[in-house]
Amino acid sequence: MLRLLAVAAALTLAAPPVAAAPCKDPKTGKFVKCPPAKATRCKTANGKFAKCGTPGARPVG
């Protein structure tokens, strides 16, 4: 029973820490409101919208 408890404690300590939120101010270390994510859109040379990974597609404003 004691061995089981020791193994459980070791697994708890060895678990990776939870990733911090991406909106943490690096200078103060405090959490701040996240800016809205801007979606990237791409167009091909002929002006049609396309996925940004396709050859010839360029990001649009």
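So the sequence shown is residues -20 to -1, 1 to 41, counted in mature numbering (1 follows the signal peptide of the UniProt record, and there is no 0).
Glycine included, every Cβ here is placed at the ideal spot set by N, Cα and C.
Being a predicted model, the structure only gives us computed values, none of them experimental.
Asked, Found
"CA nearest to the CA of residue 48, picked from Gly41, Cys22, Thr8", "What is shown of the chain runs -20 to 41, which leaves residue 48 out entirely."
"Supposed close pair Thr20, Ala37 - CB separation, criterion 8 Å", "Actually they are not in contact, since the Cβ atoms of Thr20 and Ala37 sit about 10 Å apart, beyond 8 Å."
"Close Cβ partners of Asp5 (< 6 Å) along its chain, the five nearest in sequence each way excluded", "Val12"
"For Val40, the residue or residues it bridges with in DSSP", "Arg21"
"Pair within 9 Å by beta-carbon distance, Cys3 and Cys14", "yes"
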